[in-house]
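Numbering (full-length UniProt numbering), first residue to last: 1 to 728.
Yeah, the Cβ is synthetic: ideal placement off N, Cα and C, and Gly gets one too.
Everything numeric in this text was worked out from a predicted model, so none of it was measured.
Written below as structure tokens is the structure these notes are about.
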């Protein structure tokens with residue numbers, strides 16, 4: 001099986017659905033996904049690119065595999081530019097190629113994708129550098145002019161009752177619909193929207209309803225124009241979210257180099273106003289970074305030497321130097337783009353329902369129209385003209401575009417809303433499940449807590465302040481406990497002689513000629529082990545004191561749990577490998593419903609399975625590689641902390657770029673808003689169509705009402721769907 005990806009042009013959602021289902025029914029195709037919103041077709045199959053294109057275009061003329069790209073092209077040789085142009089023009093997948101050397105502009109019309117074009121150019125001239133302009137869209141100005149001209153002629157015809165002007169207005173507005181309808185007749189496609197609209201309006205002309213025929217066609221085209229405009233707006237908003245990567249990075253020697261060529265360990269320079277090209281760590285300078293495009297947080301983040309920085313963030317103030325820690329294809333920005341681009345692959349139950357519904361709705365309404373046109377008048381003895389007119393109204397109503405377009409668009413727009421809030425979801429099925437989540441299990445360390453130990457108390461059992469002595473003994477250790485003690489000490493350290501490790505117990509060393517010991521309770525015979533994590537300090541004769549340490553709860557954990565409870569989440573629990581006392585303390589602080597402690601990874605999995613039942617949707621939230629099995633097991637796996645662990649990201653359904661737990665409640669709010677909009681569109685569209693069908697049958701409708709139930713309802717549903725894309 002080979003995976004082929006195509007950039008396509010298609011404006012008919014019903015046609016897109018038909019192409020996808022037909023390709024998936026082919027035995028040679030493992031899986032085909034046509035992403036109408038992103039204009040992308042992905043096919044895993046035994047077929048070649050040419051065979052896939054041939055099959056898809058045979059199904060519908062609406063699809064075009066050719067796309068026009070415009071590149072800024074850097075090349076020093078005019079002859080080399082011509083060589084590139086000839087190589088592209090000679091490729092069977094390229095219909096047009098023009099290289100304007102003086103302007104440094106390359107335009108290519110092709111079925112190839114961007115990466116394939118760049119590969120062809122590189123094979124011809126390795127030194128060529130390409131950066132893409134905005135893709136050239138079909139110019140809709142001509143479409144708008146055509147609508148305005150036909151509308152103006154219609155107004156004149158309506159004012160002076162000139163039938164021939166109605167005909168002229170009709171032809172100008174609908175010639176493309178009529179041409180496509182004729183083509184479809186020869187292909188045997190009678191349930192195509194162009195064919196149905198043509199039959200209905202031509203029928204109206206035959207019945208001498210000239211004004212209605214022209215009006216229906218004009219308003220159909222107006223509706224289509226505004227639908228396309230709304231979809232384009234949604235596409236552009238998502239495209240803006242994807243514009244977070246830098247194409248080039250500046251090296252220390254002043255050379256600009258493609259980010260794809262930079263290796264781990266390279267030092268790159270990030271000037272004020274520039275994007276951080278690759279993930280890394282600051283090795284020189286201090287600055288403030290805008291991470292809004294990644295995390296959704298509006299406040300700048302201060303960075304200094306040793307700070308980790310994410311690709312896609314913008315340097316706001318001062319020049320910094322960054323040591324690259326991840327290659328371009330593994331960077332945060334690249335992973336975000338990949339997740340957004342593939343988010344339409346998994347479809348919700350609502351989308352699956354619409355696919356099944358549209359398959360039967362149009363044929364059934366058309367069958368009903370035939371019965372009304374030719375059988376009912378035989379029974380009622382009424383004039384055929386009356387029932388044929390009613391049947392034509394049904395043909396106008398028979399297209400399910402309002403649902404086919406607005407439901408996927410609702411989910412597509414919501415992906416943008418998630419991304420604006422620093423949240424990435426892997427499909428509309430996740431959005432749907434998230435709106436119904438009833439239980440959430442949390443990992444403790446790094447999720448509910450910071451994953452950093454801090455000293456919670458210092459107990460001096462004598463008049464001696466043990467903290468500077470204890471910190472002095474621990475200062476040379478890299479253990480997390482030792483680091484926490486040293487960090488908590490505010491006084492000057494002492495010189496330590498003869499520092500010795502005591503395996504399994506702790507350490508000892510001489511300070512001012514006195515030997516001191518630091519470690520666990522095994523070092524001293526006269527102490528009881530603390531319920532908390534503790535480090536004891538003393539001499540060989542007595543215990544002088546001890547410090548207790550604990551993992552600190554994240555600043556926003558309390559608010560996050562409160563928000564989730566306010567949303568009606570039934571059970572919030574913590575699953576941890578830590579000991580009972582520590583888990584109990586944190587559970588009380590956060591007011592969790594329950595907690596599970598001292599669990600190994602497989603026991604965590606068993607605990608999660610016990611929470612899951614047929615009547616509840618369970619989410620699991622974790623941040624590390626040890627959480628991968630639980631993330632995969634849960635109905636919804638939520639990975640915290642961005643793109644740290646590849647295993648966690650792979651297994652999770654939702655990724656939160658920042659470490660903020662409050663993003664979970666934001667995600668649930670977005671999902672519930674989206675599901676409400678989806679239900680509104682389904683109920684509204686079906687109710688209007690059903691009402692107009694009934695009115696058409698009993699003779700209380702008109703062509704005007706029929707066209708409203710088609711393009712009018714579709715336009716309202718699309719506008720409503722776009723509300724899903726608003727940031728909270």
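Starting from the C-beta of residue 307, find all residues in its chain whose C-beta is less than 6 Å away, skip the five residues before and the five after it, and write them out in chain order.
For residue 307, same chain residues with a beta-carbon under 6 Å away, outside a window of 5 residues either side, are 282 in chain order.
Less than 6 Å between C-beta atoms, sequence neighbours within five positions excluded: which residues of the same chain meet that for residue 533?
Beyond the five residues adjoining it in sequence on each side, residue 533 comes within less than 6 Å, by CB distance, of 549 in the same chain, given in chain order.
Do residue 5 and residue 53 have their beta-carbon atoms positioned less than 8 Å apart in this structure?
no
Between which two residues does the beta strand (DSSP E) harbouring residue 406 extend?
It is not in any beta strand (DSSP E) - residue 406 instead sits in the alpha helix (DSSP H) that spans 401-420.
Would you report the Cα separation of residue 136 and residue 69, rounded to the nearest angstrom?
The predicted position of residue 136 is uncertain, since its pLDDT is 45 and thus under 50; a value taken from the coordinates is nonetheless stated next. If I take the Cα positions, the gap works out to 6 Å.
Which one or two residues does DSSP pair with residue 290 in a beta bridge?
314
Which runs of the alpha helix (DSSP H) fall wholly inside the segment 27-68 and span at least 4 residues, in chain order?
Fully enclosed alpha helix (DSSP H) runs of 4 or longer: 49-59.
Where do the N-terminal and C-terminal ends of the alpha helix (DSSP H) with residue 160 fall, by residue?
141-160
How big is the Cα-Cα spacing for residue 603 and residue 609?
Distance between residue 603 and residue 609, taken at the CA atoms: about 10 Å.
Closest by CA to residue 158, which one among 147, 172, 212?
The option with the nearest alpha carbon to residue 158 is 212.
Between the segment 671-687 and the segment 313-329, can you find at least three pairs of beta-carbon atoms closer than 8 Å?
no
Mapping the DSSP letters down to three states, classify residue 5 as helix, strand or coil.
strand
Excluding the 5 residues flanking residue 474 on each side, which residues of the same chain have their C-beta closer than 7 Å to its C-beta?
482, 485, 486, 518
Is the Cβ-Cβ distance between residue 350 and residue 452 less than 8 Å?
no
Quick one, are the C-beta atoms of residue 495 and residue 523 less than 8 Å apart?
Taking a C-beta distance under 8 Å as the contact criterion, residue 495 and residue 523 do not qualify as a contact pair.
To the nearest angstrom, how far is the alpha carbon of residue 89 from that of residue 106?
12 Å
Where in the segment 460-529 do unbroken runs of the alpha helix (DSSP H), each at least 4 residues long, occur, reported from the N-terminal end onward?
467-474, 480-488
Which whole-angstrom value describes the C-beta separation of residue 325 and residue 280, a residue pair presumed to lie in contact below a C-beta threshold of 8 Å?
5 Å
Verify whether the separation of the beta carbon atoms of residue 592 and residue 665 is less than 8 Å.
no
Could you give the distance in angstroms between the alpha-carbon of residue 284 and the alpha-carbon of residue 276?
14 Å
Which term fits residue 730, buried or exposed, when burial requires 16 or more other beta carbons within 10 angstroms of its beta carbon?
An answer regarding residue 730 cannot be provided, because it is not within the stretch 1 to 728 covered by the chain.
What's the gap between the Cα of residue 398 and the Cα of residue 104?
50 Å
Taking the alpha helix (DSSP H) that residue 554 belongs to, which residues open and close that run?
Segment: none, residue 554 is in no alpha helix (DSSP H) and carries neither H nor E.
Quick one: residues in its chain with C-beta nearer than 7 Å to the C-beta of residue 700, no 5 flanking neighbours on either side, listed in chain order?
none
Nearest-angstrom Cα distance between residue 27 and residue 43?
13 Å
Between which residues of its own chain and residue 711 is the CB-CB distance below 6 Å, once the five residues before and five after are set aside?
For residue 711, the CB contacts under 6 Å within the same chain, skipping 5 residues up- and downstream, are 220, 223 in chain order.
Quick check on the burial criterion: 16 or more other C-beta atoms within 10 angstroms. Buried or exposed for residue 463?
exposed
Using a Cβ distance threshold of 8 Å, determine whether the segment 337-344 contacts the segment 418-427, with at least three qualifying pairs required.
yes
State the start and end residues of the unbroken alpha helix (DSSP H) segment that holds residue 621.
Residue 621: not part of any alpha helix (DSSP H); member of the beta strand (DSSP E) spanning 618-622, first to last residue.
Exposed or buried, which one is residue 148 when buried takes at least 16 other CB atoms within 10 Å?
Its Cβ having fewer than 16 others within 10 Å, residue 148 is exposed.
When you compare only the Cα positions, how much space is there between residue 597 and residue 441?
13 Å
So the candidates are 395, 725, 389, 177; which of them puts its Cα closest to the Cα of residue 406?
725
Could you name the residues of the same chain whose beta carbon sits closer than 6 Å to that of residue 390, not counting the 5 residues immediately before and after it, in chain order?
372, 696
Helix, strand or coil for residue 544, going by three-state DSSP, please let me know.
strand
Helix, strand or coil: how does DSSP classify residue 384 here?
helix
Sorted by chain position, which residues of the same chain lie with C-beta nearer than 6 Å to residue 717's C-beta, five sequence neighbours on each side aside?
402, 406, 681, 685
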